[in-house]
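One structure is given below, encoded as structure tokens.
2 protein chains.
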Amino acid sequence: MEIGDEIDDEIIQSLPSGVALSWGIIKPSRRGPKGELSIKKIVDAAIDIADNDGLAAVSMSRVAQSLGYTTMSLYRYITSKEDLLVLMQDAVCAIPIPQEVPGKPWREEMGEYVWACVDVFRKHAWYGDIPITSVPLAPNNLQVIDWMLRIMRDFPLNDFEKMSFLLLVSSYARACGLIARDMDKAIRDGASPETFGGITYGAALKQLVKPDRFPHLHPILMAGAYTDEVENPIGNDLDFGLERILDGIAHYLREKG
Amino acid sequence: MEIGDEIDDEIIQSLPSGVALSWGIIKPSRRGPKGELSIKKIVDAAIDIADNDGLAAVSMSRVAQSLGYTTMSLYRYITSKEDLLVLMQDAVCAIPIPQEVPGKPWREEMGEYVWACVDVFRKHAWYGDIPITSVPLAPNNLQVIDWMLRIMRDFPLNDFEKMSFLLLVSSYARACGLIARDMDKAIRDGASPETFGGITYGAALKQLVKPDRFPHLHPILMAGAYTDEVENPIGNDLDFGLERILDGIAHYLREKG
DNA sequence: GATATACTGTATATGATGTATACATTTTCG
DNA sequence: CGAAAATGTATACATCATATACAGTATATC
Chain A
1 MEIGDEIDDE IIQSLPSGVA LSWGIIKPSR RGPKGELSIK KIVDAAIDIA DNDGLAAVSM
61 SRVAQSLGYT TMSLYRYITS KEDLLVLMQD AVCAIPIPQE VPGKPWREEM GEYVWACVDV
121 FRKHAWYGDI PITSVPLAPN NLQVIDWMLR IMRDFPLNDF EKMSFLLLVS SYARACGLIA
181 RDMDKAIRDG ASPETFGGIT YGAALKQLVK PDRFPHLHPI LMAGAYTDEV ENPIGNDLDF
241 GLERILDGIA HYLREKG
Chain B
258 MEIGDEIDDE IIQSLPSGVA LSWGIIKPSR RGPKGELSIK KIVDAAIDIA DNDGLAAVSM
318 SRVAQSLGYT TMSLYRYITS KEDLLVLMQD AVCAIPIPQE VPGKPWREEM GEYVWACVDV
378 FRKHAWYGDI PITSVPLAPN NLQVIDWMLR IMRDFPLNDF EKMSFLLLVS SYARACGLIA
438 RDMDKAIRDG ASPETFGGIT YGAALKQLVK PDRFPHLHPI LMAGAYTDEV ENPIGNDLDF
498 GLERILDGIA HYLREKG
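Chain order of the listed sequences is A and B. Residues in the first sequence are numbered from 1 upward in steps of one, following our numbering. Residues in the second sequence are numbered from 258 upward in steps of one, following our numbering.
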């Protein structure tokens, strides 16, 4: 922490310790040997492991080993594995926020926002495996939220309406991110793009989903649309849904304006 | 499995074993003692534990203990803990699907759908902690999807458009479900409804979120809208977002029709 | 009915995990 | 210099998922 920031430690303590660490809150140590490790090194190593072998492969011992230290050395920097997950999560949220371009349509900007969020899920497949336990609190995550609020700056809306739109668009981005990373994985595993989920499970589902019990799902499954076995004529599925959301937002703005 | 269903075992084997179990696919045993346990008993016990003590408390030994059996006895019924999680997930998806009411507006129906989904998250706080790894495959989950498709039955849309709307609405329901259960928990833990997230973290964030770094988030946070410290004038936040989604859908239907 | 077979629940064991604790070492402040 | 504090390590422990081997029991076949 910089000196002069007048941070009230009492209040900061109320944050989960991982969140505090993500804000760089660490009491500086005056004596004793300088740490050879650092939070950054630890988090980077953990992210490396998660990227390659999944979140389940991230154990304290594996992270320490990859750095050439003992398991317990990590606990000199973080208080628990939970901290590590919080830090990993926020570290990959450090994405470049595009420069503000005056006159750029907000729909376009929101599209960029959504795909940037989706990209995080795709680049770090484990990201979506960490459950959300509260409103975002860590700095990089909040920076992204700040971006979305910038896009809505000139909307004639109050704070709560903006927060609702933020929730709406962000949760859609999350859902798309999860799907996109699963598709990536299926393709990496050798399936062709069209057969993601399809060949693997489609055939089995067709035997189980009987028309009397699933009258409305059945025809869609049989046509191959549930498991995306046939080519999707509306093109990018995710883009389509986003356009509907943006339509809904535009409609609201029109009514208000 | 009922006889005469002509299920091709080969193809069914491609499903994750937990999914197969959720469909009731078990090779019937001809000889040997009758099982004293059952999948249902195991899953119910696990759900009970998760409801009371969270998903982390669900261990094979704890579940077995609560039933009065040894840990390993469970493995006579399921092949792994992963199976158990899949089964738990699908078990709580067994919600009553409302009767079809001719002439009922689809917006109303979709609202019911969303709140029914949210209810699952609220009744079983652990539900949202299980990461999604594929398109829904288990029967009760598919039954819910069938319901949503029923609502859209008379929409002049193709299968893919319907699937997109399904994704859109369901992911919003999931996001709301996560938020709702977190609010429930905060209230149960003694916070008043208005102070969910607020008292706990709001004060800390206000010290950390500086206006130069977060120019757009800062005013909203200070006003208390980010952490919902002050009363939300647009009423139910989640309902508001849903209305925007439905507006977007309605807009699309109008353009097509 | 006898016997082999297959299925049950159990006991035991293994390797991994997160983390508490105690310790030896090293650096820095008074 | 010597005390204090911080670092990395070694050891220990409880808990976990699960592999394996086994003893008992119900059924199918002879």
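Cβ atoms here follow ideal geometry from the backbone N, Cα and C, with glycine treated the same way.
Taking the Cα positions, Q143 of chain A is about 39 Å away from I408 of chain B.
Counting C-beta atoms within 10 angstroms of its own C-beta, D266 of chain B has fewer than 16 neighbours from the protein chains shown and is therefore classed as exposed. About 34 Å separates the beta carbons of G241 of chain A and S337 of chain B, which is beyond the 8 Å limit, so they are not a contact pair.
Judged by pairs of C-beta atoms under 8 Å, the stretch 65–81 of chain A touches the stretch 17–26 of chain A, as three or more such pairs exist. Under a criterion of Cβ atoms nearer than 8 Å, the residues of chain A adjacent to V392 of chain B are, in order, G197, Y201, Y226, T227. Between G103 of chain A and D439 of chain B, the alpha-carbon positions lie close to 39 Å from each other. Close partners of F497 of chain B in chain A (Cβ separation under 7 Å): S164. The Cβ-Cβ distance between L394 of chain B and V276 of chain B falls below 7 Å. Between A56 of chain A and I49 of chain A the beta-carbon gap is near 10 Å, outside 8 Å, which marks them as no contact. The DSSP-derived three-state label of T327 of chain B is coil.
Residue B:A432 holds the alpha-carbon nearest to the alpha-carbon of R379 of chain B among B:K467, B:L406, B:A432, B:G289.
Using beta-carbon distances, D386 of chain B counts as an interface residue toward chain A, with a partner under 7 Å. Scanning chain A for C-beta atoms nearer than 9 Å to the C-beta of H508 of chain B yields R244, D247, G248, A250, H251, reported in chain order. Chain A has a Cβ within less than 7 Å of the Cβ of L435 of chain B. For N141 of chain A, the uninterrupted alpha helix (DSSP H) segment begins and ends at 139–151.
Within the stretch 353–381 of chain B, contact with chain A at the beta-carbon level (separation under 9 Å) is assigned to no residue. Within a 10 Å sphere around the beta-carbon of K162 of chain A sit 16 or more other beta-carbons, which makes this residue buried. Contact of F155 of chain A with chain B is not assigned, every C-beta pair being separated by 7 Å or more. Per DSSP, the continuous alpha helix (DSSP H) segment holding I187 of chain A begins and ends at 159–188. Under the three-state reduction of DSSP output, L344 of chain B falls in the helix class. Annotation for L208 of chain A: the continuous alpha helix (DSSP H) segment containing it runs 203–208. Closer than 7 Å to the CB of S316 of chain B there is not a single CB belonging to chain A.
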